[in-house]
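Sequence lines, in order, name chains A and B. Numbering-wise (numbering that gives the first Met the number 0), the first sequence opens with residue 0 and increments by one. Numbering-wise (numbering that gives the first Met the number 0), the second sequence opens with residue 0 and increments by one. Backbone N, C-alpha and C fix where the C-beta goes; we use that ideal spot for every residue, glycine too.
Protein chains: 2
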Amino acid sequence: MMREPYTVPTPGLPERVTVYEVGPRDGLQNEAAIVPVEVKAELIGRLAAAGLTTIEATSLVHPKWVPQLADAEQLLGAMPRRAGVRYPVLVPNERGLDRALALGVTDIAIFGSATETFAQRNLNRSVAGQMEMFAPVVARARQEGMRVRGYLSMCYGDPWEGPTPIERTVAVGRDLLALGCDELSLGDTTGVATPGHVAALLDAFAACDVGPGRLAVHFHDTYGQALANTLAALQRGITVVDASTGGLGGCPFAESATGNLATEDLVWMLHGLGVQTGVDLAALVETGAWMAARLGRPSPSRVVQALSGK
Amino acid sequence: MMREPYTVPTPGLPERVTVYEVGPRDGLQNEAAIVPVEVKAELIGRLAAAGLTTIEATSLVHPKWVPQLADAEQLLGAMPRRAGVRYPVLVPNERGLDRALALGVTDIAIFGSATETFAQRNLNRSVAGQMEMFAPVVARARQEGMRVRGYLSMCYGDPWEGPTPIERTVAVGRDLLALGCDELSLGDTTGVATPGHVAALLDAFAACDVGPGRLAVHFHDTYGQALANTLAALQRGITVVDASTGGLGGCPFAESATGNLATEDLVWMLHGLGVQTGVDLAALVETGAWMAARLGRPSPSRVVQALSGK
């Protein structure tokens, strides 16, 4: 087995990409197991040691909704921090922001929906209503000098409404940016995007003066499309790509295989394309395999499968 | 779960792609299980019923080398045939060609290596020596009115020699075409290709007057790159893509996860891109799931995992 891909410098792509690691939050939130806080802290330490510079740590939503992350305050007290690394925390509302500020958090993320049905189900609000909830959160966070990421879910489709019209995703995304978000992450929450859809959405944003520099992409590998979608996004100039170490958040062969793109598979492609990431792939693979062992099941990442334990 | 992807017509891609199904041959050849001949015949019948128009059926190499396909003659007698569908058979040498002709085979494939080490290990010949072996096979097959595909293994790298120089792959590939092959399938035998490597190789062929119309691509998903590589190939005008139903040939979590690209994941992407295939995706998924059950293990195809039995 190879340990690193061959590098073939590829014209027309960004020189460098920031891998935005979502495993500890989006990944673990969608695992059946409740992971001990010490394991989470070690995971975050390992990811930073492997060279990841943005690691979404946890979520300050009410523990009732996400029991997997009920230890958020404990984790934020216990986890190691490395200079130059950002550790964003998900914050749903002003109460969450208060807690984040009290805990010394400097980077937050808010999460909205592009579709009415998911806004209603996830936030119990309309698409317009979610903006009213977010507006004071973003305003105050900015005043406090925080960096704010906006997540937009269901950018390509949702299970109730079918395909999301591109103009609707662009409109809601622009509203989130207008609140003051530094970055907008376009979520393919149920994995339904294909590469032409991604290109069309990014072109539509660009046509409204939202260039790739303010956008990130967030793919799920439900139908195996995440890496091809990422390639399409890179070809449109995207330089921030979300991924989850070891593919955390999607158990293979589970009832609903809605896993995030595995960070290892992403970094393999980026390094193969000659795109710099600053990530030590071997250390990352070791982390993915270590975490899979903690969860007691194999990682769905192809790279982790191919390289670990051999 | 969705049953079909949303279609977003995507500029710059071929209108139609031929999916070249390799599951019954390349897939089953690399499975540990020996599959009964009736099951193979049913698999081929199901694939044709699902709309696949090229289904590589088996191999006439000596049974000693590939016990999984030792029933080739039986299978060719027993399998159902559908009008308009091609059923190529792998043929290693003149003796294999004799057998193919006696069995009424009309489409054959020969298989060469781009690297010396693999030529030696797989064929016990040098790269030049393999051409001497193939020359009379291709010449006679053409005289007999057969269609001949040339496979070229290790087009991007091999485990012994490292990356294969692009000019070497192009030179050996052109030699195979010069023998009289109708089509050349560029094999990423160990899954080491990344999309920029694919684009560079296809550009190098084009610069030597071998356009995409004479080439096919054949990716393995060892490191999760197969579908992104396919997208890069489509962007270069490739219209024949090899894939294996259910990802046959690579058991997930096996010692060496060297599976072929799953036909279901490929067709999902192609239909999402608005590229026509003529394939009935639902029937194909059912076939992949059915075959996985025959093998007694889950399919590594994400689409089969997501859609089957739910």
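Rounded separation between B:Met-132 and B:Asn-92 - CA only: Straight across, the Cα-Cα distance linking B:Met-132 with B:Asn-92 is about 7 Å.
Classify A:Gln-275 as buried or exposed, calling it buried when 16 or more other Cβ atoms lie within 10 Å of its own Cβ. exposed
Check whether the segment 44-58 of chain A touches the segment 4-16 of chain A, counting contact only when three or more Cβ pairs, one atom from each stretch, lie closer than 8 Å. Result no; under three Cβ-Cβ pairs closer than 8 Å.
Taking the CB atoms as reference points, tell me whether B:Asp-23 and B:Ala-56 lie closer together than 9 Å. The sequence shown places Pro at residue 23 of chain B, not Asp. B:Ala-56 is positioned such that its CB atom lies closer than 9 Å to that of B:Pro-23.
Please check if any C-beta of chain B sits within less than 9 Å of the C-beta of A:His-196. Yes, A:His-196 lies at the interface with chain B (some Cβ there is under 9 Å from its Cβ).
Looking at C-alpha atoms only, which residue of B:Pro-8, B:Ile-33, B:Gly-26 is the closest neighbour of B:Thr-244? The shortest C-alpha to C-alpha distance from B:Thr-244 to any of B:Pro-8, B:Ile-33, B:Gly-26 is the one to B:Gly-26.
Counting C-beta neighbours from all protein chains within 10 Å, is the total for B:Ser-307 16 or more, i.e. buried, or is it exposed? buried
Which residues in chain A have a C-beta closer than 8 Å to the C-beta of B:Asp-264? List them in chain order. By Cβ distance, chain A contributes Tyr-222, Gly-223, Gln-224.
For B:Asp-181 and B:Thr-188, the rounded distance between their alpha carbons: Approximately 21 Å between the Cα atoms of the pair.
For chain A, is any of its Cβ atoms less than 9 Å away from the one on B:Arg-293? no
DSSP three-state call for B:Pro-211: helix, strand or coil? helix
Which of the residues in the segment 16-43 of chain B, read from start to end, lie with their CB under 9 Å from any CB of chain A? Those residues of the segment 16-43 of chain B that come within reach of chain A (Cβ to Cβ, closer than 9 Å) do not exist; the list is empty.
Taking CB distances under 9 Å as the criterion, tell me whether A:Phe-252 reaches chain B. The pLDDT assigned to A:Phe-252 is 46, lower than 50, so where the model puts this residue is not dependable; a value taken from the coordinates is nonetheless given after this. Closer than 9 Å to some Cβ of chain B, the Cβ of A:Phe-252 qualifies, so yes.
Quick test of your reading: A:Val-21 and A:Asp-241, contact by CB under 8 Å. State the CB separation rounded to the nearest angstrom. 5 Å
Would you say the beta carbon of A:His-217 comes nearer than 8 Å to a heavy atom of the ligand ATP? Questions concerning the ligand ATP fall outside what the structure shown contains, since it holds no ligand whatsoever.
Quick check: is the beta carbon of B:Arg-120 nearer than 9 Å to any beta carbon in chain A? no
Closer than 9 Å to chain A by CB, B:Thr-9: yes
Counting Cβ pairs, one atom from each stretch, are 3 or more of them under 8 Å apart for the segment 288-297 of chain B and the segment 282-293 of chain A? no
From the DSSP output, which residues share a beta bridge with B:Leu-151? According to DSSP, which records beta bridges pairwise, B:Leu-151 is partnered with B:Gly-111, B:Leu-185.
Cutoff 7 Å; reference A:Arg-2; Cβ partners in own chain excluding five residues on either side: Within its own chain, the residues whose Cβ lies closer than 7 Å to the Cβ of A:Arg-2, once the five positions on either side in sequence are excluded, are Ala-281, Leu-306, listed in chain order.
Give the secondary structure of B:Glu-143 by DSSP, where H, G and I count as helix, E and B as strand, and everything else as coil. coil
Cutoff 9 Å: B:Thr-114 Cβ touching any chain A Cβ: no
If you check the beta carbons only, do B:Leu-178 and B:Gly-212 fall under 9 Å apart? Contact: no.
Quick check: the segment 30-42 of chain B against the segment 215-226 of chain A, are at least 3 beta-carbon pairs closer than 8 Å? no
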